[in-house]
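A.B. asks: Residue numbers (this note's numbering), protein chains in the order written: chain X, 1 to 413; chain C, 1 to 413. One structure, pasted below without further comment.
There are 2 protein chains.
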Amino acid sequence: MVVDINNVIKKLNLMAKVGGTLDGGISRLALSEADKQARDLLVSWMKELDLLVSIDDVGNIYGRMEGKNPDANPLVLGSHLDSLENSGIYDGILGILIPLEIIRVFKEKSLIPEKPIIVGNFTNEEGFRFKPLMSGSGVLSGDFDIESVYKERDSDGKSFKEELEKIGYLGARENRLDKAEAFIELHQEQGPILDLKKTPIGVVEGILGLTWLTVTLEGRTDNSGPTPMYARQDTLTTAAKMITFAEEFASEISEHGIITVGQIINEPNNINAVPGLTKLTLDIREINDELRIDAVKELKEKLREIAVDSKVKISFEIDWELNSTIFSSELNEAVRNAVDYYEYPSKEMVSGAGHISTYMNNICPTTMIFVPSINGISHSPAEKTEWEDIEKSAEVLIYVVKKIAKAESKVTF
Amino acid sequence: MVVDINNVIKKLNLMAKVGGTLDGGISRLALSEADKQARDLLVSWMKELDLLVSIDDVGNIYGRMEGKNPDANPLVLGSHLDSLENSGIYDGILGILIPLEIIRVFKEKSLIPEKPIIVGNFTNEEGFRFKPLMSGSGVLSGDFDIESVYKERDSDGKSFKEELEKIGYLGARENRLDKAEAFIELHQEQGPILDLKKTPIGVVEGILGLTWLTVTLEGRTDNSGPTPMYARQDTLTTAAKMITFAEEFASEISEHGIITVGQIINEPNNINAVPGLTKLTLDIREINDELRIDAVKELKEKLREIAVDSKVKISFEIDWELNSTIFSSELNEAVRNAVDYYEYPSKEMVSGAGHISTYMNNICPTTMIFVPSINGISHSPAEKTEWEDIEKSAEVLIYVVKKIAKAESKVTF
Chain X
1 MVVDINNVIK KLNLMAKVGG TLDGGISRLA LSEADKQARD LLVSWMKELD LLVSIDDVGN
61 IYGRMEGKNP DANPLVLGSH LDSLENSGIY DGILGILIPL EIIRVFKEKS LIPEKPIIVG
121 NFTNEEGFRF KPLMSGSGVL SGDFDIESVY KERDSDGKSF KEELEKIGYL GARENRLDKA
181 EAFIELHQEQ GPILDLKKTP IGVVEGILGL TWLTVTLEGR TDNSGPTPMY ARQDTLTTAA
241 KMITFAEEFA SEISEHGIIT VGQIINEPNN INAVPGLTKL TLDIREINDE LRIDAVKELK
301 EKLREIAVDS KVKISFEIDW ELNSTIFSSE LNEAVRNAVD YYEYPSKEMV SGAGHISTYM
361 NNICPTTMIF VPSINGISHS PAEKTEWEDI EKSAEVLIYV VKKIAKAESK VTF
Chain C
1 MVVDINNVIK KLNLMAKVGG TLDGGISRLA LSEADKQARD LLVSWMKELD LLVSIDDVGN
61 IYGRMEGKNP DANPLVLGSH LDSLENSGIY DGILGILIPL EIIRVFKEKS LIPEKPIIVG
121 NFTNEEGFRF KPLMSGSGVL SGDFDIESVY KERDSDGKSF KEELEKIGYL GARENRLDKA
181 EAFIELHQEQ GPILDLKKTP IGVVEGILGL TWLTVTLEGR TDNSGPTPMY ARQDTLTTAA
241 KMITFAEEFA SEISEHGIIT VGQIINEPNN INAVPGLTKL TLDIREINDE LRIDAVKELK
301 EKLREIAVDS KVKISFEIDW ELNSTIFSSE LNEAVRNAVD YYEYPSKEMV SGAGHISTYM
361 NNICPTTMIF VPSINGISHS PAEKTEWEDI EKSAEVLIYV VKKIAKAESK VTF
């Protein structure tokens with residue numbers, strides 16, 4: 001075992017104090033004072049490892065280890081330091097600390113890869129304080145315009161640009177990462193699949209595409225007592241049939257299909273009134289975009305039928321649509337080879353949540369490596385991953401890095 | 001036709017101006033300035049008809065026409081002047097204006113009944129400004145204690161007693177109605193049944209008993225994307241199955257069984273979060289109390305099963321229980337005879353909503369006569385009943401009054 005997991009544990013515990021909360025979580029909102037402190041700490045660690053640090057105009061931090069061939073496209077490893085309000089200490093940070101440990105191992109072994117390696121922190125992944133989420137990687141890929149991102153304001157009216165400047169991380173546009181050999185993001189799964197299967201490594205094939213819909217049902221509000229069941233136009237009982245249908249329908253899309261009704265608004269919402277207006281949201285996710293688009297169409301047709309049967313008016317509003325991300329099959333092959341080499345259990349899977357990798361995939365071959373979230377808990381002070389699983393993921397990643405960055409060591413490790 | 005419906009129309013239109021709203025409705029909250037004006041107008045009409053007016057300690061108004069036998073128990077006809085905020089102009093008032101017109105006919109025909117006839121207005125039927133609803137009749141029946149009613153405060157902190165005194169309708173305890181031959185309340189149905197069947201008269205067998213429950217479901221909140229369908233403890237999909245079951249189960253209780261889920265509270269209620277806490281209310285109504293109690297038991301058992309299947313915790317809280325009211329079969333026989341005499345279509349039915357009659361039934365033989373609510377609309381400026389149906393109900397009521405008060409006329413009318 002060449003990776004010394006204690007280095008990662010030490011750094012993770014130090015970082016957990018930055019923006020730490022009383023219940024063991026963190027609140028490290030993008031471009032806050034806590035984010036500044038976390039960035040400063042990261043930069044100090046990069047400098048300890050003799051990495052060349054640069055900052056771009058959206059505040060992304062790059063720590064570069066030069067390769068034998070400085071003109072080669074770099075291999076980029078990274079994730080994010082920012083968090084939601086009262087979130088957990090593993091989210092994002094693992095994807096930065098493990099790459100730093102890999103660099104340390106390379107230094108220790110005097111192993112210089114052919115290609116440069118960059119460890120990166122990408123600004124505002126969570127999108128909790130400033131919209132849009134994943135602005136750091138989205139600007140790099142051209143999905144977001146930097147001037148629009150600069151103008152975003154938090155709930156106190158403070159602008160993204162002012163706050164980025166204030167914390168001292170407004171860098172130069174010429175420092176933006178524009179080309180890369182590959183991008184690899186190691187991250188907690190944020191779901192229960194690996195933990196349920198007691199599998200340490202997830203090979204991530206891609207990120208689910210999504211459609212967000214709001215369904216509005218209009219019926220008639222009546223007094224409950226005097227209105228017999230047959231004479232009602234009850235939008236909540238109609239919504240209930242739709243929710244049940246949607247849940248069952250999810251598994252018909254594919255093994256990855258997910259449909260969530262997360263929000264319901266009901267009016268007048270009194271114990272003795274037949275509801276006359278109900279709104280519900282549908283969050284439909286699937287890795288195959290065609291299947292998702294067909295499923296949304298079929299779902300809408302079925303919901304229309306239910307509405308007609310219930311004598312209720314229905315209308316739909318599309319709130320968001322995002323195509324799926326399909327990661328590099330070559331990078332995943334490299335991950336599979338590493339997993340096979342160490343004889344670790346692993347699982348081919350998809351990510352249900354968006355990540356920095358969503359946009360990095362538009363720049364260069366990209367993939368993610370997942371480690372388990374115990375009980376599927378995520379974005380919570382209670383989130384946790386076993387250190388032995390983190391250690392395994394570090395070994396897998398170092399194997400892949402050696403392959404991609406072409407770091408041939410004489411000593412096997 | 002002895003009743004002159006134009007007298008009722010004229011009075012109804014005058015009364016509609018008292019507390020009238022711009023959209024043709026009324027806001028005549030109990031013990032408000034508008035209620036005072038409505039009461040003053042009613043008292044003036046009673047005096048025009050030479051009725052002896054008295055007020056009791058809860059503010060109920062009685063207008064008495066003496067009978068040949070002043071010691072006989074009176075026949076009481078009445079309803080209420082108060083309304084909800086922005087309600088309709090027919091609710092309650094019909095049950096006062098038609099009896100006044102009947103008294104006018106008796107006077108015109110010099111018909112003196114054996115028994116006294118009282119026309120009554122009963123305080124605070126709606127319970128919108130002061131709890132409990134139906135305080136006027138509930139105090140008479142002993143269901144409510146006058147001192148507790150006096151202490152109730154509206155949302156501005158004003159007490160029932162102060163407000164009753166302020167509008168000049170705090171009368172004497174000895175004026176309370178304590179014995180009566182019968183009580184008859186003519187009222188809008190407040191539901192769609194008579195209108196759907198184009199039937200002018202509803203013979204009301206009783207008022208549904210009710211159980212109000214709150215169901216709390218506790219599961220686990222997860223991020224929607226990374227949490228596959230099989231790993232969820234989704235309280236909203238669980239609630240949906242319960243709502244669908246409850247709706248279907250209602251018709252299994254009896255032909256009168258009603259179950260309403262009027263209120264739903266869902267947390268965290270975000271488009272991309274699997275709901276982890278959902279509360280819903282159940283309003284279960286049925287005319288047969290045993291059937292209702294059995295139904296509540298069976299419903300709770302079934303909901304527990306659904307919760308177990310969904311890996312969700314369930315708990316119940318009973319918010320209110322009220323037994324059903326069964327009206328006098330003799331009075332209803334008299335109503336049926338009247339309907340048969342005039343050859344009007346009629347329907348045997350139950351009331352889903354509570355009324356002054358709920359408590360009057362504890363004092364004396366009681367019944368109600370329903371007239372249609374067009375499209376079932378009630379408690380709304382849009383509520384309406386056709387005048388030809390109101391006229392028919394007046395004829396039915398005068399027939400019943402003659403029978404019960406023993407007013408034998410030489411001329412048939």
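Every residue gets a Cβ at the ideal spot worked out from N, C-alpha and C, and that includes glycine.
1. What are the start and end residues of the beta strand (DSSP E) that includes C/R285?
2. Going by C-alpha distance, which of X/S148, X/L299, X/I93, X/E174 is nearest X/W212?
3. Counting beta carbon pairs with one atom in the stretch 81-88 of chain C and one in the stretch 164-179 of chain C, are three or more of them shorter than 8 Å?
4. Within the 9 Å Cβ cut-off, does X/K403 reach chain C?
5. For C/E317, write down the residues that DSSP places opposite it in a beta bridge.
6. Using three-state DSSP, classify X/D56 as helix, strand or coil.
7. Enumerate in chain order the residues of its own chain whose CB-to-CB distance from X/S409 is below 8 Å, with the five nearest sequence positions on each side excluded.
8. C/A182 and C/P429 - do their beta-carbons sit closer together than 9 Å?
9. Taking contact to mean 3 or more Cβ pairs, one atom from each stretch, closer than 8 Å, check whether the stretch 70-78 of chain C and the stretch 93-102 of chain C are in contact.
10. The beta strand (DSSP E) that contains X/F370, what's its start and end?
11. Hey, does C/E343 have any beta-carbon neighbour from chain X nearer than 9 Å?
12. Taking Cβ positions, are C/I492 and C/I390 nearer each other than 9 Å?
13. Exposed or buried, what is X/W387 when buried is set at 16 or more other beta-carbons lying within 10 Å of its beta-carbon?
14. Could you check what DSSP says for X/N375 in three-state terms: helix, strand or coil?
15. Please compile the residues from chain X whose C-beta is within a distance smaller than 9 Å of the C-beta of C/I251.
16. Quick one: which residues of the stretch 155-175 of chain C get their C-beta closer than 9 Å to a C-beta of chain X? List them in chain order.
17. In this structure, how does DSSP classify X/G157 when only helix, strand and coil are distinguished?
18. So C/N223 contacts chain X; which residues on that side make the cut at Cβ distance below 9 Å?
19. For X/Q263, would you say it is in contact with chain C, using Cβ-to-Cβ distances shorter than 9 Å as the test?
20. Shorter than 9 Å from the beta carbon of X/W387 to some beta carbon of chain C?
21. Return the bridge partner residues of X/N223 from the DSSP annotation.
22. Just checking my contact of C/I258 with C/L208 at CB under 8 Å: how many whole Å lie between their CB atoms?
23. Taking the continuous alpha helix (DSSP H) assigned at C/L22, which residues delimit it?
24. Determine the burial state of C/R304: buried for a count of at least 16 other Cβ atoms within 10 Å of its Cβ, exposed for fewer.
25. Determine, using beta-carbon pairs with one atom in the stretch 183-191 of chain C and one in the stretch 353-373 of chain C, whether at least three such pairs fall under 8 Å.
26. If contact means a Cβ-Cβ distance below 9 Å, which residues of the stretch 27-59 of chain C contact chain X?
27. What's the C-alpha gap between X/I201 and X/I271?
28. Please report how far the alpha carbon of X/S324 lies from the alpha carbon of X/N288, in whole angstroms.
29. Can you check whether the C-beta of C/R292 is within less than 9 Å of a C-beta belonging to chain X?
30. Spell out the partners DSSP gives C/H256 in its beta bridges.
31. Going along the chain, which residues of its own chain have a beta-carbon closer than 7 Å to the beta-carbon of X/Q263, five neighbours each way excluded?
32. Could you tell me which of C/A334, C/V58, C/L12, C/D340 sits nearest to C/A172, measuring between CA atoms?
33. Closest by CA to X/N337, which one among X/P192, X/Y399, X/I253, X/E286?
34. So what's X/L77 in DSSP terms, helix, strand or just coil?
35. Considering only heavy atoms of the ligand PLP, does any lie closer than 8 Å to the CB of C/I146?
C.D. replies: According to the data block:
1. Residue numbering aside, residue 285 of chain C sits at position 285 when the second sequence is read from its first letter. Its beta strand (DSSP E) spans residues 277-286.
2. To locate residue 212 of chain X, count along the first sequence from 1; it is residue 212. Out of X/S148, X/L299, X/I93, X/E174, X/L299 has the C-alpha closest to the C-alpha of X/W212.
3. no
4. Stepping through the first sequence from its first residue, residue 403 of chain X is reached at position 403. Not one chain C Cβ lies under 9 Å of X/K403.
5. In the second sequence, residue 317 of chain C corresponds to position 317, counting from 1. Beta-bridge pairing links C/E317 to C/T214.
6. On the first sequence, position 56 is the one that residue 56 of chain X refers to. In the structure shown, X/D56 sits in a strand (DSSP, three-state: E or B).
7. Taking the first sequence and counting its residues from 1, one reaches residue 409 of chain X at position 409. Excluding sequence neighbours, X/S409 sits near K109, L111, K402.
8. Past the boundaries of the shown model lies residue 429 of chain C; chain C is included only from 1 to 413, so the question cannot be answered.
9. yes
10. Taking the first sequence and counting its residues from 1, the one referred to as residue 370 of chain X is at position 370. Per DSSP, X/F370 belongs to the beta strand (DSSP E) from 366-371.
11. Start at 1 with the first residue of the second sequence, and residue 343 of chain C comes out as number 343. Not closer than 9 Å to any Cβ of chain X, the Cβ of C/E343 fails to qualify, so no.
12. Since the first residue of chain C shown is 1 and the last is 413, residue 492 of chain C is not available in this structure.
13. On the first sequence, residue 387 of chain X is found 387 positions in, with the first residue counted as 1. X/W387 comes out exposed.
14. Counting from 1 along the first sequence, the entry for residue 375 of chain X is found at position 375. If DSSP states are grouped into helix, strand and coil, X/N375 belongs with the helices.
15. Along the second sequence, one-based indexing puts residue 251 of chain C at 251. Sequence inspection shows Ser at residue 251 of chain C; the Ile mentioned does not correspond to that position. Within chain X, the residues near C/S251 are M229, Y230.
16. none
17. Here residue 157 of chain X refers to the residue found at position 157 when the first sequence is read from its first residue. DSSP, read as helix, strand or coil, puts X/G157 in coil.
18. Within the second sequence, the letter at position 223 stands for residue 223 of chain C. Under the 9 Å cutoff, chain X gives Q190, G191, G352, A353, G376, S378, H379.
19. Counting from one through the first sequence, the residue named residue 263 of chain X turns up at place 263. Output row for X/Q263: interface = yes.
20. For the purposes of this step, residue 387 of chain X is taken as the residue at position 387 of the first sequence. Taking Cβ atoms only, chain C never reaches closer than 9 Å to X/W387, which makes this a no.
21. Sequence index remark: in the first sequence, residue 223 of chain X carries index 223 (1-based). For X/N223, which the question treats as bridged, DSSP gives the partners X/A273.
22. The residue labelled residue 258 of chain C in the question sits at position 258 within the second sequence. The residue labelled residue 208 of chain C in the question sits at position 208 within the second sequence. The C-beta distance from C/I258 to C/L208 rounds to 7 Å, short enough to meet the 8 Å contact threshold.
23. Here the question's residue 22 of chain C lines up with position 22 in the second sequence. Neither: C/L22 is in no alpha helix (DSSP H) and is coded neither H nor E.
24. Working through the second sequence from its first residue, we reach residue 304 of chain C at position 304. Per the 10 Å Cβ criterion, exposed.
25. yes
26. none
27. Against the first sequence, residue 201 of chain X aligns to sequence position 201. Against the first sequence, residue 271 of chain X aligns to sequence position 271. Going from the Cα of X/I201 to the Cα of X/I271 covers about 49 Å.
28. Position 324 of the first sequence, counted from the start, is the residue given in the question as residue 324 of chain X. Position 288 of the first sequence, counted from the start, is the residue given in the question as residue 288 of chain X. Separation of X/S324 and X/N288 (C-alpha to C-alpha, rounded to the nearest whole angstrom) is 7 Å.
29. Counted from its first residue, the second sequence places residue 292 of chain C at position 292. Judged by the 9 Å Cβ criterion, C/R292 is not in contact with chain X.
30. Working through the second sequence from its first residue, we reach residue 256 of chain C at position 256. Looking at the DSSP assignment, C/H256 forms no beta bridge with any residue, so it has no partner.
31. Residue 263 of chain X sits at position 263 when you count from the first residue of the first sequence. If we look at X/Q263 and ignore the five residues flanking it on each side, its Cβ neighbours are L280, T281.
32. Along the second sequence, read from residue 1 onward, the residue named residue 172 of chain C stands at position 172. Of the candidates C/A334, C/V58, C/L12, C/D340, the one whose C-alpha sits nearest the C-alpha of C/A172 is C/V58.
33. Stepping through the first sequence from its first residue, residue 337 of chain X is reached at position 337. Minimum Cα distance to X/N337 is reached at X/Y399.
34. Residue numbering aside, residue 77 of chain X sits at position 77 when the first sequence is read from its first letter. X/L77 falls in the strand class under three-state DSSP.
35. The ligand PLP is not part of this structure, which contains no ligands at all.
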